[in-house]
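Below: the structure, in structure tokens.
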Amino acid sequence: MGGKVSSLTRIIGRLLAVVWPFLGIVLVLLLLGEHSLQSLAGARAYISGNNIWTVAQQQAVTQLRRYATTGDPAAYRAYLHQITVHRADRRAREAVLATPPDLPAARAALIEGRNAPADVEALIGFLQEYATFAPVREAVLLWLEGDQRMTELEAQAARLNTEIQAGRRQGEAASKALASIDQLDAGLQQIEREFGYKINDAARRLQQRMRWIRLGSALLLCLLGLLLSIRAVWRQLAVEQALRVSEERYAVVAESANDGIWEWDIGSGKLYCSPRVREMLGYSEQELGFAKQLVNIMPPDDFRRGRQQLMEHIEQRRHDVLSRSMRMRTRDGRTRWILARSVTRYDADGQPLRVAGSYTDITAQVENERRLRLAASVFEAAREGIVIADARDRIVSTNRGFLALGGHASGALAGRRVQSLLAPGFGRSMRREMARSLRDNGQWSGEAATLTASGETRPIELSIVAVNDEVGGLAYRIYVCRDIAERKYAQARIQHLAYFDPLTALPNRSYLGANFDAFISTARKHNQPLATVFFDLDGFKQVNDTLGHSAGDQLIRRVAQRLGEGIGEGDLLCRFGGDEFLLLLPGRDAAAVECLTADLLRRIGEPLLLEGRMLNVTSSAGYAMYPEDATDAESLVRDADMALYRAKEHGKNIVERYQTWMSAAVSWRHDMLANLRHALTEQQFQLRFQPVVDASSNAVAGVETLLYWKHPEMGVVSPNSFIPLAEESGLIEPIGEWLIDAALAQFANWRAAGLPRFYLAINLSGYQLRRAETFQQQFIEAVERHGIAYADVVLEITERQIVYDSHASLPVLDRLAMRGIGVSIDDFGTGYSSLEYLKDMPVTQIKIDKTFVHNLVTEVGDRAIVNAIIGLGRSLGVKVVAEGVENAEQLGVLRGYGCNLVQGYLYSPPLPAEELAAYVRSSVPVARG
Ligand code: C2E
Ligand code: CA
Ligand code: CA
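Heads up: the sequence shown at position 267 corresponds to 256 in the numbering used here, and the numbers run straight through without jumps.
See below:
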């Protein structure tokens, strides 16, 4: 109901808006007509009023004449009755023209004046309105004049009455009064005529005036109406134009837009689809003519859901836009994702009329979203750190991988510049290179470093890909980074291994090679000396060979530590190889170097506990000075090495400076090694035999085989010089094999020649015992081959050797001893003073080292040692040999201590085989004697 009312008022409103000017015009014309009619009616009323007035005046005059002639009081009363008309009209005029006008009085007076009551208002209105209108004003003046005559007439009447009453006015008097009355009457009639003319004139002129006013108003109103009509037409045109534009716009949008437009008329069920919808889905107008046909082109679920949403929307009488997405099958069988948006129109009673909306093909978008979701899960799950930054390089998002890599809190990085996360070490040129590659190729990859949340630098392998927007501008940058800290660490390790010695953590020879020149150039620049010091442990090989490699390693570490503790800040200590250390000492002169090196040697030489044993390891050192001795790295190292060699030769545990002549010595050593290789094939080796004599009988108890090298140019070379060389070079094995064979052959010869019985001692090197099986086999084979009794052979092995390498030498010696072969501990007392091994060893003989014998007469301590060793031998039941006995005093002391076997120059130097035979023969009688 309310709806109907409101639509009605709407229609009336619209109507009024259109017709009000015309209504206004009609109203104005009506008012004008009414006004002119009223004015004319006023004029007419005055004319009739004039008639009444005139009639009344004539009656009054008639009656007065009759009164004058007859003296009839009835005539006088009739006169008085007529005269009231004039009096009332006069009062009415005065009441109207008074200020303010007294209209009720005027009305009453006019009625009294015998005017028609219907004319009263017209009379008042006319006089009020036109009092100043010229003909009316003139008429009023005439009226005033009339009033004056009437007053005179009344005065005449009053006089007449008085005289008649008095009885005096009869005859002549009456005729005089009549004459004056007639005169007044004539004047009044004149005035009345003129008044009538004036009023007529006023009416005529008013009529004319009204005509003009009407004409003028009509003209004006026509003009106004025209203007308003033009305006209305104009507006209509504008509305039509706007409508046309909007229709065109709609048509353009409907036809060209990506969106298809549709409208469902609910009443008829008809569906209108724009061409774009049909194009989108490929159906004809008939195939999509009704909404219910949609069920054919949509999956049931989608159709049901979409319809339900729409129905709910309509039931709730909603006017807003409803959006829903659904799948639709195209005519050629493809599935498209469609976004449907619609609004519903209802009638005044709220009944739904139409649903209009659009279809948008969002297939690409849905696919895109799916891809994005996939990308997002890849993004999150990736082990690599991924950072997405916008074109201004501000971080848009980071994945968990990246947060974990840098230890960042989630959300802490948003909006930060990616560059601020790259370590400062990532230089400007690198950044430029990166920017250039990104610009030209859209990508960059390489190694960089990122700053972690705690400010540490972490190496990463970084790939950057630029993602452009549709118009080719940079939209995003994707940074993918892999933590390569571990790889870097491994690289650094490898680098370290390449340049540092894993055992001691000292720089190695390669490191030295890479840095030596820098030391030299610094020294040159500052005009300072630079010392190159070489250290080499004394007897390290034996430690290594006898105590095992782990002990050797431990020793090297300890020595490195001791060396490191003794040097200064700018000094460079390297492990040169094996037991060799090289020290670069910048800025110290030779005296300071000598002093420091001596201190280092002292540090090394301090007793040290190794695998439960106290060892006294010493080192030798040699050094060369830059620039006096040499100016390049290679020469400095070579010179220091030569000096070291000299130090070794000079008795070890000392330091030597390089001197020019050493070059020759070293080259000699060098040459010697070369020569030694040929010595065997060239048969330059000789055997000499030194007798071991029974001190009490002077009989030869045995002979010690000593190896000599007779070089064609160098002459006889001492075994002390070449045995270490042979051991180092491995030549000791073939040499040893040859020696054993030669010595046993010689021994067999002596036997055959009938020489008295004595044993044959052979020196063994630790190197020979190391290859135990081979050695044992060869040795036994040789003994057997030459038909020699095992009991006649003694193997000499140094105490040092046994201490260092008992587990290598012991089993062999044990097995040989079981066959009856004697075992002699050579150089006894120079080892490590540990007698423990003696219990476990198949020892048959101890040889007191010549140094003790040498000092026997002078040194009380050595005498005590020798005495103790002899006592020990006796208690163990082994023979004791004193070697290096050179004089009778020594022999005397030894005899005093009960040492029976002696060896030395006092009896005989080592002798060639024939001479030895002669010596044995010559000594026999003494022995027997
Ligand atoms: P060694 O086993 O202690 O040999 C004894 C050394 O003392 C020999 O020196 C000998 O000439 C020397 N000598 C003997 N009597 C005296 C003396 O009264 N006074 C002094 N001052 N020295 C005396 P040589 O021949 O120079 O040998 C030196 C070392 O070379 C030997 O010391 C031994 O360790 C080693 N050697 C010699 N021949 C062989 C061998 O065939 N094989 C092995 N592995 N080493 C050998
Ligand atoms: Ca010996
Ligand atoms: Ca010896």
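A virtual CB, placed ideally from N, CA and C, is assigned to each residue, including glycine. If you're wondering where the values come from, they're calculated on a predicted model, not measured in any experiment.
Cα atoms of A45 and E181: separation of roughly 12 Å, rounded to the nearest angstrom.
Judged by DSSP secondary structure, R296 falls within the alpha helix (DSSP H) whose first and last residues are 289 to 304.
Check the Cα spacing between N533 and each of Y186, T847, A581, Q790: the tightest is with Q790. Residue pairing of P680 in beta bridges, as defined by DSSP: V692. Taking C-beta atoms as the reference points, Y348 and V266 count as a pair closer than 7 Å. Taking the Cβ of L695 as the reference point, at least one heavy atom of ligand 1 falls within a distance shorter than 6 Å.
Annotation: the continuous alpha helix (DSSP H) that includes E356 extends over 352 to 370. The DSSP-derived three-state label of Y272 is coil. Between L440 and L402, the C-beta gap is not smaller than 7 Å, which leaves the two residues out of contact. Sequence-distant partners of S426 (beyond 5 residues in either direction) whose C-beta falls short of 8 Å from its own C-beta, in its chain, are Q432, W433. Set against 6 Å, the gap from the CB of D838 to the closest heavy atom of ligand 2 is not smaller. As a beta-bridge residue in DSSP terms, E645 pairs with G611. Looking only at D254, P288, M287, W132, the smallest Cα-Cα distance to G278 is reached by D254. The criterion of a C-beta distance shorter than 7 Å is satisfied by L758 and V801. Between T607 and V644, the CB-CB gap reaches or exceeds 7 Å. The beta-carbon distance between S28 and R203, rounded to whole angstroms, is 12 Å. This is too long to meet the 8 Å contact definition.
Annotated as distal: I449 and A464, with beta-carbon spacing of 7 Å or more. In the three-state reduction of the DSSP assignment, D525 falls in the strand class, which pools E and B. Note that the C-beta distance between R884 and A610 is not below 7 Å. The straight-line gap separating the alpha-carbon atoms of L394 and Q543 is approximately 40 Å. Annotated as distal: D382 and V355, with beta-carbon spacing of 7 Å or more. With a cutoff of 7 Å on beta-carbon distance, Y886 and I858 are scored as not near each other. For E134, the enclosing alpha helix (DSSP H) starts and ends at 123 to 155. At a cut-off of 6 Å, the beta-carbon of N709 does not count as near ligand 2: no heavy atom of the ligand is closer than that.
In the structure shown, the three-state DSSP call for T439 is strand. Cβ-Cβ distances below 7 Å link A732 to L676, T694, L749, I751 in the same chain, with the five nearest sequence neighbours on each side left out; the list follows chain order. In the DSSP assignment, C563 forms a beta bridge with L571. Here the segment 53 to 69 makes no contact with the segment 79 to 89; the two share fewer than three CB pairs at distances below 8 Å. In the structure shown, L328 falls within a strand segment according to DSSP collapsed to helix, strand and coil. In terms of CA proximity to L20, M199 leads the group Q137, V125, M199, G31.
Linking D568 to K637 through their CA atoms gives a straight-line distance of about 14 Å.
Under a 10 Å Cβ-count criterion, K259 is classified as exposed, with fewer than 16 other Cβ atoms of the shown protein chains found around its own Cβ. For the pair of segments examined, the segment -1 to 13 was found not to touch the segment 97 to 107: the number of CB pairs separated by less than 8 Å stays below three. Nearest in C-alpha terms to R138, of all of Q765, W727, I72, is I72.
T446 has L440 as its beta-bridge partners, per DSSP. Of the candidates L861, R482, A30, the residue whose Cα lies closest to the Cα of L195 is A30.
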